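S.K.: So in the numbering used here the end of the sequence shown lands on 252, straight run, no missing numbers. Glycine included, C-beta positions come from ideal geometry on N, C-alpha and C. Since we're looking at a predicted model, the values are computed, not measured.
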Amino acid sequence: MSSSIALITGAGRGLGRSMALHLAAAGVGIIGTYRSHRDDALAVVREIEAAGGTAAMLKLDIGDSSAFAEFKDNVADTLEDTFGRTELDAVVHNAGEGILAPYEATTEDDLDALYRTHFKGPFLLSQALLPMIARGGRILNVSTAATRFVLDNHCAYSAMKSALEVTTRYMAKELGERRITVNAIAPGAVETDFAGGAVRDDPALNAHFRSITPLGRTAKPDDIGAAVASLLSSDFDWLNGERIELTGGQSL
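1) Name, in chain order, the residues that DSSP records as bridge partners for Tyr34.
2) Tell me the DSSP secondary structure of Gly137 in three-state form.
3) Measure the C-alpha to C-alpha separation of Lys173 and Ala204 and round it to an integer number of angstroms.
4) DSSP beta-bridge partners for Glu245?
5) Please report the straight-line C-alpha distance between Gly121 and Gly63, rounded to a whole angstrom.
6) If you compare alpha carbons, which of Asp73, Ser162, Thr117 is closest to Pro131?
7) Under a three-way DSSP split, which group does Ile48 fall into?
8) Can you list the beta strand (DSSP E) stretches of 3 or more residues lying completely in the region 101-187, in chain order?
9) Look at the Cβ atom of Arg169, then the Cβ atom of Gly241, and state whether they are nearer than 9 Å.
10) Using the C-alpha atoms, what's the distance from Ser66 back to Asn153?
11) Taking the alpha carbon of Ile31 as the point to measure from, which residue in Leu7, Arg13, Arg17 has its own alpha carbon closest?
12) Gly137 and Asp89 look like a contact to me (Cβ under 8 Å); what is the Cβ gap, rounded to whole Å?
13) Are Gly188 and Thr213 touching if we call contact CB-CB under 9 Å?
14) For Ala184 and Glu165, which I take to be in contact (beta-carbon distance under 8 Å), what is that distance rounded to the nearest angstrom?
15) Could you tell me the distance, in whole angstroms, from the CA atom of Ile244 to the CA atom of Gly52?
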């Protein structure tokens, strides 16, 4: 039986998948979520189980906060039925969507969708799950390096991530009494499906990001997944209220 349990939103693909696999390899039980790609999510479960770990996937639209009460009950049932536990040790807010547009072309619907997915959803889901997060547990919010520098078409997206970073610090202070640490990671250009797979599939864009990254390449999902597994380990018990940039030095 897993000694600790992590819940990762958006765990079926991309960064979330890599996080789940790296954490599972470290002996962490995984409860992941998916919105629409059920087959991908179940493939992650099978891969973890084949390696001797334990995992479960639950459906969740992070942008629909009305579903959080039912989701909380589903998490409680999964903890008991799959892991024989009543508490989570870590929550990673990874799920998101890349609605990218220039400031002048960003619509009200775009803005509302980004707000629900990248700020309101993580904010309220942490609230809902807080009673079942163990004393000494972890919350990790996934932000973006584009809160430090300016990228084309990232205005609204980065604004929501900036709000999440501020919330990270406030949560870290307010939850300290329960010894729950709260941090944020800020990845740079990563080769995933995000924004239609642009970094991965557009040679010119990939070359641009390589040219402004001292390590000379864009990130792979495993660069982020491995870092998250380390950050959630006992080696980082004293890390709290911080934003950790994972970019290879992009745009220094």
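M.R.: Quick look at the numbers:
1) Lys59
2) strand
3) 43 Å
4) Ala186
5) 5 Å
6) Asp73
7) helix
8) 133-142, 181-187
9) yes
10) 30 Å
11) Leu7
12) 5 Å
13) yes
14) 5 Å
15) 31 Å
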